[in-house]
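Written out below as structure tokens is the structure these notes cover.
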Amino acid sequence: MEFSNIPNHVAIIMDGNGRWATEQGKPRIYGHKHGVDSVRSIVEAAREIKVPHLTLYAFSTENWERPKEEVSVLMNLLVRSLRGEFRKMMQNDIQLNAIGNLGNLPKAVREELEYVTQKTKNNTGMVLTLALSYGSREELVQTFRCLAEKVKRNTISLENLDESVINEHLYTRNLPDVDLLIRTSGEKRISNFLLWQIAYAELYFTDKLWPDFGKEDLHQAILNYQQRERRFGKTSQQLQS
Ligand code: FPP
Numbered sequence: 015m016e017f018s019n020i021p022n023h024v025a026i027i028m029d030g031n032g033r034w035a036t037e038q039g040k041p042r043i044y045g046h047k048h049g050v051d052s053v054r055s056i057v058e059a060a061r062e063i064k065v066p067h068l069t070l071y072a073f074s075t076e077n078w079e080r081p082k083e084e085v086s087v088l089m090n091l092l093v094r095s096l097r098g099e100f101r102k103m104m105q106n107d108i109q110l111n112a113i114g115n116l117g118n119l120p121k122a123v124r125e126e127l128e129y130v131t132q133k134t135k136n137n138t139g140m141v142l143t144l145a146l147s148y149g150s151r152e153e154l155v156q157t158f159r160c161l162a163e164k165v166k167r168n169t170i171s172l173e174n175l176d177e178s179v180i181n182e183h184l185y186t187r188n189l190p191d192v193d194l195l196i197r198t199s200g201e202k203r204i205s206n207f208l209l210w211q212i213a214y215a216e217l218y219f220t221d222k223l224w225p226d227f228g229k230e231d232l233h234q235a236i237l238n239y240q241q242r243e244r245r246f247g248k249t250s251q252q253l254q255s
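Position 24, counted from 1, in the sequence shown is what the numbering used here calls 38; the numbers after and before it change by one each time, with no gaps.
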């Protein structure tokens, strides 16, 4: 792998925990538990190859519709993982960040997030962002509401409202655009994830289910990304000159 051309921002839709469990005749929850192991190895792998920003879709606004018990297991797993991995984040210089409608999360999750984000805020090795209770359209609605309010109060003029102003008001205001978006489990959808931020992202889909997605698979995705030519609307010739 070329270490000079590592994507600045990798985002992952971690899909397939439920199917992985079902394939083994186990309850869905079993898949989520193994999903956490994959999260751990992918965070380690990304840090090793010096990916500066890694964003994981851990819980969508739509996921609230799942059976109560599954939601509660996912929330417990989150609390336990944050608590359990905190030390390793410090050792590896990882900064934790969370995006989404965080106010909807249970208090225990909010408190754990608050604690870990606060303690890791000066780490600079990698920014690990968890998208929790996140939906891109909801993010855009919040953003537009906030901007409309500012225009109404004359703190932003309509003439100055441009892409960079919108960027600064998104949950992702401190993150660069996504370079590589990975989705596991064979589905080829975006599912309301970072719609604005993936405008020029390279998309990578793999049939592997999330609990089976390991370090080698991340390397494979990045290798594939490195072989692509990103033209941003220009011609090949323009890029070469
Ligand atoms: C998708 O599988 C996975 C999720 C909705 C949750 C992802 C959560 C984790 C991996 C665990 C907690 C996260 C962290 C960051 C510690 P699915 O249930 O949609 O699978 P299916 O499509 O096969 O049903």
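Every residue, glycine too, gets a C-beta built ideally from N, C-alpha and C.
C-alpha distance - residue i paired with residue j, whole-angstrom precision
{"i": "K64", "j": "N168", "result": "42 Å"}
{"i": "L209", "j": "R151", "result": "8 Å"}
{"i": "E177", "j": "K40", "result": "47 Å"}
{"i": "S250", "j": "K164", "result": "41 Å"}
{"i": "W224", "j": "S171", "result": "45 Å"}
{"i": "S147", "j": "R245", "result": "33 Å"}
{"i": "L127", "j": "L253", "result": "42 Å"}
{"i": "P120", "j": "G114", "result": "13 Å"}
{"i": "F73", "j": "K82", "result": "14 Å"}
{"i": "V85", "j": "T131", "result": "22 Å"}
{"i": "E243", "j": "M103", "result": "33 Å"}
{"i": "I26", "j": "Y71", "result": "6 Å"}
Nearest-angstrom Cβ-Cβ length linking residue i and residue j, presumed shorter than 8 Å
{"i": "P190", "j": "N22", "result": "5 Å"}
{"i": "T69", "j": "T138", "result": "Not quite, the Cβ-Cβ distance comes to about 17 Å (not below 8 Å), so this is no contact."}
{"i": "V155", "j": "Q109", "result": "V155 to Q109, Cβ: 27 Å. No contact."}
{"i": "Q240", "j": "E62", "result": "16 Å between Cβ atoms; not a contact."}
{"i": "L195", "j": "L217", "result": "5 Å"}
{"i": "N206", "j": "G149", "result": "5 Å"}
Element boundaries [alpha helix (DSSP H), containing residue i]
{"i": "Y129", "result": "K121 to K133"}
{"i": "P234", "result": "Residue 234 is actually Gln in this sequence, not Pro. Segment K229 to Q240, the alpha helix (DSSP H) holding Q234."}
{"i": "S178", "result": "E177 to H183"}
{"i": "T220", "result": "Taken as a continuous stretch (DSSP letters only), T220 belongs to no alpha helix (DSSP H), as it is neither H nor E."}
{"i": "I43", "result": "R42 to E62"}
{"i": "V24", "result": "No alpha helix (DSSP H) contains V24, which is instead part of the beta strand (DSSP E) from H23 to I27."}
{"i": "S205", "result": "Unbroken run through S205: none, as it is neither H nor E."}
{"i": "L96", "result": "K82 to Q105"}
{"i": "T36", "result": "N31 to E37"}
Among the options, the one whose alpha carbon lies nearest that of residue i
{"i": "V50", "options": "F246, S74 and L96", "result": "L96"}
{"i": "E153", "options": "L127, Y129, L91 and A112", "result": "A112"}
{"i": "C160", "options": "G149, Y148, V141 and H183", "result": "H183"}
{"i": "K248", "options": "F158, I180, H233 and Y214", "result": "Y214"}
{"i": "H67", "options": "H48, E37 and V57", "result": "V57"}
{"i": "D221", "options": "K102, E173 and T198", "result": "T198"}
{"i": "L88", "options": "L217, G117 and A122", "result": "A122"}
{"i": "Y129", "options": "I204, A145, N118 and E99", "result": "E99"}
{"i": "S55", "options": "N238, F227, A235 and I236", "result": "F227"}
{"i": "N106", "options": "T134, N90, R80 and R124", "result": "T134"}
N-terminal and C-terminal residue of the beta strand (DSSP E) that residue i is part of
{"i": "R197", "result": "L194 to R197"}
{"i": "M140", "result": "M140 to Y148"}
{"i": "A11", "result": "Since the first and last residues shown for the chain are 15 and 255, residue 11 lies out of range."}
{"i": "L253", "result": "Careful: L253 lies outside any beta strand (DSSP E), inside the alpha helix (DSSP H) at S250 to Q254."}
{"i": "F73", "result": "H67 to S74"}
{"i": "I20", "result": "That residue, I20, is in no beta strand (DSSP E); it is neither H nor E in DSSP."}
{"i": "L110", "result": "I108 to I113"}
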